[in-house]
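Just so it is clear: in the sequence shown, position 208 is 208 by UniProt numbering, and no numbers are missing.
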Amino acid sequence: MAAAAPPVAKKVPRQLVEHGDVRVDNYYWLRDDSRSDPDVLAHLRAENDYTAAVMSDVKQLEDEIYAEIRGRIKEDDIDAPLRKGRYYYYERTLTGKEYVQHCRRPVSTDAPITVHDVMPTGPDAPDEHIILDENVKAEGHDYYSIGAFKVSPNNKLVAYAEDTKGDEIYTVYVIDTESGEYVGQPLKGITSDIEWAGDDHLVYITMDSILRPDKVWLHKLGSDQSSDACLYHEKDDTFSLGLQASESKRYLFVESGSKNTSFIFYLDIPKQNKELAVLTPRVYGIDTTASHRGNHFFIKRRSDEFYNSELVACPLDNVAETTILLPHRESVKIQDFQLFDNHIAVYERENGLPKVIVYRLPAIGESIGQLQGGRAIDFIDPTYAVDPEESQFHSSVLRFHYSSMRTPPSVYDYDMDSGVSVLKKIHTILGGFNASNYVTERKWAAAADGTQVPMSILYRNDLVKLDGSDPMLLYGYGSYEICIDPSFRGSRFSLVDRGFIYVIAHIRGGGEMGRKWYEDGKLLKKKNTFTDFIDYAEHLIKSKYCSREKLCINGRSAGGLLMGAVLNMRPDLFRAAVAGVPFVDVVTTMLDPTIPLTTAEWEEWGDPRKEEFYYYMKSYSPVDNVMAQEYPNILVTAGLNDPRVMYSEPAKYVAKLRELKRDDNLVLFKCELGAGHFSKSGRFEKLQEDAFTYAFILKALGMTRKLASL
1 MAAAAPPVAK KVPRQLVEHG DVRVDNYYWL RDDSRSDPDV LAHLRAENDY TAAVMSDVKQ
61 LEDEIYAEIR GRIKEDDIDA PLRKGRYYYY ERTLTGKEYV QHCRRPVSTD APITVHDVMP
121 TGPDAPDEHI ILDENVKAEG HDYYSIGAFK VSPNNKLVAY AEDTKGDEIY TVYVIDTESG
181 EYVGQPLKGI TSDIEWAGDD HLVYITMDSI LRPDKVWLHK LGSDQSSDAC LYHEKDDTFS
241 LGLQASESKR YLFVESGSKN TSFIFYLDIP KQNKELAVLT PRVYGIDTTA SHRGNHFFIK
301 RRSDEFYNSE LVACPLDNVA ETTILLPHRE SVKIQDFQLF DNHIAVYERE NGLPKVIVYR
361 LPAIGESIGQ LQGGRAIDFI DPTYAVDPEE SQFHSSVLRF HYSSMRTPPS VYDYDMDSGV
421 SVLKKIHTIL GGFNASNYVT ERKWAAAADG TQVPMSILYR NDLVKLDGSD PMLLYGYGSY
481 EICIDPSFRG SRFSLVDRGF IYVIAHIRGG GEMGRKWYED GKLLKKKNTF TDFIDYAEHL
541 IKSKYCSREK LCINGRSAGG LLMGAVLNMR PDLFRAAVAG VPFVDVVTTM LDPTIPLTTA
601 EWEEWGDPRK EEFYYYMKSY SPVDNVMAQE YPNILVTAGL NDPRVMYSEP AKYVAKLREL
661 KRDDNLVLFK CELGAGHFSK SGRFEKLQED AFTYAFILKA LGMTRKLASL
């Protein structure tokens, strides 16, 4: 049987001229904003058909991997119930069902919340009530996602945001929590940022034509959306709006932010006159987030001088009078904080690792000064991830989420008075999983400029040799100050149990090592992200963790840009690469302000309308630097409805690779025609993407036979 021939995209030359420089884009025609052009759709389907044909010889392996991944999941389960007022709220999953049920049970005690609270179950317990079953709502939709599920303060209503295309444009419905009946008309064409302002008002955000969140609205239940009041319109197209409720539930904060500046308005919910007031002013280079307790606002404030942030408080009646609670520290970055009646929990990063420090606050009404005597929560793994979970303001219980690459997702309640942690939930991992079989390590590699760059490593002790012969998957991102912490992902073990070493590269451009780490990997320093990753790869090879012949790499979105850049720069280092929804047409996209996100991204990548940025971006933009050379095996994915990275970017990248590369290695393109940036929506459907990706990697390495040890 003859091998399938890859699709060949037709060439329609289009000259793109900027600063007197001419670029010819033969595949510009693949961009169709309506997603309906017959030629474009036919080409995408041809790509999918070719990919399916090439991968058909490992379909059985893919199915085996999918069965392994799914077999680790306890399909019928509930998450850790959260006590809110008179109810415990939680999500339930059912065997064979893709989506969750949102449930609650009455609380049968008036006692205060403690770390030892347990939701009663069994025949004598109060009845469970299913507020919303996503499986029912998803019927008839190829894609279904709930982006927000907000219970009203009196527990009688729920507002939820629904996306049925993957384009991240939501419709919000309000339902009665007991009957499930709709209340009023849905709110259409909005973001998933919604908050209650009392029991009869909602605050929400809409977007402009380029999907930039630009207006915040007040909606009274029962009224028509057309009569809603616009509270603020952000006209600067480099800024976007966001919403945050204070833990005390007295204030809503409206943040207008760019990549390096943000300022805040607040809404005093109990007031009848619902208008925004300024909390922090608009000052270029100063970034603020806020919350409230008693007679103070608490503000995290970052500036060029205090780049790792400081924490301050100001009286409600004099927001200009600030008191420093935690000063700026060069080696410690303040990431986030949570407020309670008597405590504050501060989430920090030091030396690349997350920390949680709890401080007792003076009684409300007393003067407040610099925080002293904080207690750090201890964590057991050498490298791990910890994140805040919703907690209750009128309690001394902090809830947080913890995992590592070998420790399953866990929810803890921490008593901020006694320092006692109680495990409330740890995900059951089936399929014979035993954490003690796996090793996690934290290592460092020197970049070319001498910077020490951390990495997180996972492997199975009884399967690796550490002599350079082990296969490896190296993952990277390195943008937007996002921290890629080493959390648990059950699907990885289908590679690790086949002898793979899995590594996360915490490269510059992310936020793991503080604000400077981010600033040293953006704008005119963006290439540090790519060279860090290459230096990592060379260090891992030199240290006998792997070899070029068995080194595979993976990245999504901005991590897909990383993949495209390093493949152009050092294709000889890698055997296979997976670029998920990759941002690869950097210059063309950033020159077009009509494309969603472009204007807001100029402070991340640079504005190529300025000559210095244009030529710098052109020097690394993957599409612009594909050349006649040998490339490793490459898998590229996309989502047709993706509003963040247009499907046409990876489509053009693949077409140009096929045109120019000088080898017989695979280049496969898989475009989900019914999904967006985050792939398919069902929890099992998502696993299929992992299984497909891993089957591609194993095929590229010639490792398609199942190991006897499995």
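Where a beta carbon is used, it is the ideal one built from N, C-alpha and C, also for glycine.
In this structure, the CA atom of His401 is about 16 Å from the CA atom of Met416.
Around Gly374, the same chain offers Ile357, Val358 and Tyr359 as residues with beta carbons nearer than 7 Å, after the five sequence neighbours per side are excluded. Counting every other CB atom within 10 Å of its CB across the protein chains shown gives Glu366 a total below 16, marking it as exposed. Residue environment analysis places Ser681 among the buried positions, since at least 16 neighbouring C-beta atoms fall within 10 angstroms of its C-beta. Counting other Cβ atoms within 10 Å of its Cβ, Trp444 stays below 16 and is therefore classed as exposed.
With respect to Ser410, Ala385 sits apart: the two C-beta atoms are not nearer than 8 Å. Annotated as distal: Cys483 and Glu441, with beta-carbon spacing of 8 Å or more. Assignment of beta strand (DSSP E) within the region 65-128, counting only whole runs of 3 or more residues, yields 82-84, 87-93 and 101-106 in chain order.
Given a length threshold of 4 residues, the region 169-243 has no whole run of the alpha helix (DSSP H) inside it. Spatial neighbours of Arg489 in its own chain (CB-CB distance under 6 Å, excluding positions within 5 residues in sequence) are not present. Taking a contact as a CB-CB distance under 8 Å, the pair Leu573 and Tyr631 does not count as one, their CB atoms being some 11 Å apart.
Just so you know, the alpha carbons of Val151 and Leu157 end up roughly 6 Å apart.
Gly606 is the residue among Gly606, Leu353 and Ile175 whose C-alpha sits nearest the C-alpha of Leu524. Unbroken beta strand (DSSP E) stretches of 3 residues or longer found wholly inside the region 241-288: 251-257, 262-268 and 276-280, given in chain order. Spatial neighbours of Glu162 in its own chain (CB-CB distance under 8 Å, excluding positions within 5 residues in sequence) are listed in chain order as Lys137, Tyr144, Ser145, Ile146, Gly147, Tyr170, Thr171, Val172 and Tyr173. Under a 10 Å Cβ-count criterion, Glu247 is classified as buried, with 16 or more other Cβ atoms of the shown protein chains found around its own Cβ. For Ala52, there is no enclosing beta strand (DSSP E); the residue is part of the alpha helix (DSSP H) that begins and ends at Pro38 to Val54. One thing to note: Val183 has its Cβ no nearer than 8 Å to the Cβ of Leu231.
Annotation note: the region 633-693 contains the following uninterrupted alpha helix (DSSP H) runs of length 4 or greater, listed N- to C-terminal: 648-660. The region 608-627 and the region 540-552 do not touch, with fewer than three beta-carbon pairs separated by less than 8 Å. Annotated as proximal: Glu47 and Cys671, with beta-carbon spacing under 8 Å.
Along the length of the region 342-374, whole beta strand (DSSP E) runs at least 3 residues long occupy 343-350 and 353-360, reported in chain order. In this structure, DSSP gives Lys150 an extended state, which the three-state scheme calls strand. By DSSP's assignment, His401 forms a beta bridge with Asp387 and Val411. In the structure shown, the three-state DSSP call for Asn461 is coil.
In the same chain as Asp228, and ignoring 5 residues on each side of it, the C-beta atoms closer than 7 Å to its own belong to Trp217, Leu218 and His219, in chain order. One alpha carbon belongs to Phe613, the other to Lys235, and they sit about 24 Å apart. Boundaries of the alpha helix (DSSP H) around Val586: Val586 to Met590. With distances taken between CA atoms, Ile380 lies nearest to Arg406 out of Arg406, Val587, Ala691 and Pro388. For the set Ala159, Val24 and Pro7, the Cα lying nearest the Cα of Val40 is the one of Pro7.
For Asp49, the closest alpha carbon among the candidates Arg683, Phe696 and Leu668 is that of Leu668. Ranked by how close their Cα comes to the Cα of Leu44, the residues Pro106, Ile595 and Gly639 have Gly639 in first place. Sequence-distant partners of Met646 (beyond 5 residues in either direction) whose C-beta falls short of 7 Å from its own C-beta, in its chain, are Arg31 and Ile595.
Here the C-alpha atom of Tyr251 lies approximately 40 Å from the C-alpha atom of Pro123. Glu350 sits away from Ile334, with the two beta carbons spaced by 8 Å or more. Between the region 68-85 and the region 20-34, the count of C-beta pairs closer than 8 Å stays below three; the two stretches do not touch.
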